[in-house]
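Here's the structure, in structure tokens; my notes come after.
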Amino acid sequence: MAYLSMGEAHRRITDYLARFSDAVYMQDGHSLGPLFSVSSNSSQLLKLGDALNVFQDVDRLIKQSDKYSQIGEMVTPLLRCLRSYRTSNLVGAYNAFEKSANAFLQEFRVWESSWALEAVYTIVYEVRVLAEKADRQLASVGKNTEKLQAAGSFLMKFFGALAGKGPKRVGALYVTCQLFKVYFKLNTVHLCRSVIRSIETAKIFEFEEFPTRDKVTYMYYTGRLEVYNENFLSADQKLTYSLKHCNPRREANVRMILKYLIPVKLSLGILPTNMLLEKHNLLEYADIVQALKRGDLRLLRHALKEHEDQFLRSGVYLVLEKLELQVYQRLIKKIYIIQKQKDPAKAHQVKLDVIVKALKWLEMNMDVDEVECMVAILIYKNLMKGYFAHKSKVVVLSKQDPFPKLNGKPVNT
């Protein structure tokens, strides 16, 4: 840091205080928001952080001024946060920021209009981000990570202030999305349900009245929840909504949505094109799609093993693993088609031994009893229509639509 005189440090601090005070007095949320944006690393706030580490007597400066003392409870801990952040004391920065945010919240509850919503958006975002940074610092020195959990509890206070009637309620969905990010990061996704329930039962909003940004994020996270619960039709609806309304120029966001939408579509029997996978760099799904097309169980298992860590982190591994039934269906269908070309009259009679041999060719060792069990499951789940001739070890397929298509419906459970 270049040399900074006491006078220049004093000027930077008083300039910030004046802007903060004016924004509150003029009810200018657009100008107030950036003054809370600690993690943005804006040049102005970094310079202010330097000034705060030179001019140490800020508390007295605020108390001595009638103009600044009115905002003192908000701005004093905020300046402490900026000083700590500049010196990489991230735990101290989070603690101070939470105090500032709490003081802001007390004032926000009193303000009748929604003028400060832009500042609310910045504050709840900073609460989450600073908590994550603080936890990483705590983890690096072997201490318990606790700040993100504290942030989740604190953000519920903001949610409570917004989730009512009146113009402020439009901010409730943004806070909800920040809470989702906290809960998913902490792997406490069950807590999302209480927030969703609070919104839906209170009927505090018409969904379409919220900003598109928040609707896209909300549908993305609620869609992921439905994937975890294997409610694929609902997951398809929510993730498709998120994709449809997502800004196509936000490639990273489009790709995040597709990471979950593709497994959902596969579960419903809908395959993506290679062009889509290549365009969005989702080639980890390419072999899985090919396995479904070919009825190649070996290829499916190879793809799952190759990308196991990635699929487990995303939480879609079990969804993809259950595609085995569709692969078995496709394999038996291929056998049926080949038999139909050779002997149309007996095409609907498929010997279990033939399926065993096909699997053996794919280096999948299953005996007749195992194959019979697998075929029984296919029939039970309506992926095949037919019955067993147990004496002759033959599955007799229906002559009418022996392999029903899913057509966008999940496999029967």
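Positions in the sequence shown are counted from 1; adding 107 to them yields the numbering used here. Beta carbons are placed, not taken as given, at the ideal position from N, Cα and C, and that holds for glycine. The structure presented is a predicted model; accordingly, all values stated were derived computationally and were not measured.
Chain-order list of residues whose beta-carbon lies under 7 angstroms from that of residue i (same chain, five-residue window excluded)
i: Gln507; result: none
i: Gly330; result: Ala342, Lys345, Leu346, Ser349 and Tyr367
i: Leu212; result: Lys264, Phe265 and Ala268
i: Lys516; result: Leu375
i: His573; result: The question about residue 573 has no answer here: the residues shown for the chain are numbered 108 through 520.
i: Ser176; result: Ile169 and Lys170
Integer-rounded CB distance, given that residue j should sit under 8 angstroms from residue i
i: Leu469; j: Leu404; result: 6 angstroms
i: Gln244; j: Leu197; result: 4 angstroms
i: His545; j: Arg362; result: Examination of residue 545 is not possible in this model, given that the chain is present from 108 through 520 alone.
i: Lys254; j: Tyr201; result: 5 angstroms
i: Ile178; j: Ser128; result: 6 angstroms
i: Ala125; j: Leu142; result: With 8 angstroms as the limit, Ala125 and Leu142 do not qualify as a contact, their Cβ atoms being about 11 angstroms apart.
i: Leu340; j: Leu365; result: Not really, about 18 angstroms apart at Cβ, beyond 8 angstroms.
Distance CB(residue i)-CB(residue j) smaller than 8 angstroms
i: Ile486; j: Gly493; result: yes
i: Ile306; j: Ala270; result: yes
i: Leu111; j: Leu155; result: no
i: Val426; j: Gly402; result: no
i: Ala208; j: Val234; result: yes
i: Phe204; j: Leu186; result: no
i: Tyr335; j: Val296; result: yes
i: Val396; j: Cys353; result: no
i: Gly259; j: Val289; result: yes
i: Val277; j: Ser221; result: yes
Of the listed residues the options, nearest to residue i (C-alpha basis)
i: Leu399; options: Gly376, Lys254, Ile178 and Phe510; result: Gly376
i: Arg300; options: Cys284, Phe314, Leu168 and Glu315; result: Cys284
i: Ile120; options: Leu384, Val518 and Val182; result: Val182
i: His409; options: Gln177, Ser421 and Ala393; result: Ala393
i: Phe291; options: Arg304, Leu332 and His414; result: Leu332
i: Leu406; options: Ile444, Met473, Glu431 and Ile445; result: Glu431
i: Phe261; options: Leu286, Thr295, Ser247 and Val323; result: Leu286
i: Ile369; options: Glu358, Cys353 and Glu391; result: Glu391
i: Tyr123; options: Val165, His414 and Glu477; result: Val165
i: Pro274; options: Glu315, Ser247, Val289 and Glu219; result: Glu219
i: Gly199; options: Pro511, Tyr443, Lys240 and Val161; result: Lys240
i: Ser505; options: Met471, Lys453 and Asn514; result: Lys453
i: Leu466; options: Pro451, Gln436 and Asp450; result: Gln436
i: Glu115; options: Asn160, Val131, Tyr132 and Ser146; result: Asn160
i: Ile444; options: Met133, Phe510, Arg420 and Phe339; result: Phe510
i: Ala238; options: Val145, Lys272, Cys480 and Met481; result: Val145
i: Asn360; options: Leu383, Gly278 and Tyr327; result: Tyr327
i: Asp157; options: Lys441, Lys440, Met113 and Phe495; result: Met113
i: Leu438; options: Glu413, Met471 and Asp450; result: Met471
i: Leu378; options: Lys206, Ser172 and Leu513; result: Leu513
i: Arg420; options: Ser172, Asn294, Ser149 and Gly249; result: Asn294
i: Tyr232; options: Arg304, Gly249, Glu313 and Ser147; result: Ser147
i: Glu337; options: Ile303, Val518, Leu152 and Gln446; result: Val518
i: Glu214; options: Tyr132, Arg167 and Thr194; result: Tyr132
i: Leu153; options: Ser195, Lys174, Asn381 and Pro451; result: Ser195
Contacting residues, own chain, Cβ-Cβ under 6 angstroms from residue i (five flanking each side not counted)
i: Leu280; result: Phe317, Asp321 and Tyr325
i: His497; result: none
i: Lys440; result: Phe510
i: Thr319; result: His352
Same chain, Cβ closer than 8 angstroms to residue i, neighbours up to 5 away in sequence not counted
i: Val463; result: Met473, Asp474, Val475 and Val478
i: Asp242; result: Thr252, Glu253, Lys254 and Leu255
i: Glu428; result: Leu411
i: Tyr424; result: Leu411, Glu415 and Phe418
i: Ala210; result: Glu180, Met181 and Pro184
i: Glu315; result: Lys322
i: Leu383; result: Leu365 and Leu389
i: His455; result: Tyr443, Gly493, Val503, Leu504, Ser505, Lys506 and Pro509
Note to self: Counting beta carbon pairs with one atom in the region 458-465 and one in the region 485-503, are three or more of them shorter than 8 angstroms?
What the structure shows: Counting C-beta pairs with one atom in each stretch, the region 485-503 and the region 458-465 have three or more that are closer than 8 angstroms, which means they touch.
Item checked: Contact the region 137-146 vs the region 217-226: 3+ CB pairs below 8 angstroms -> Remark: three or more beta-carbon pairs, one from each stretch, lie closer than 8 angstroms, so the region 137-146 and the region 217-226 are flagged as touching.
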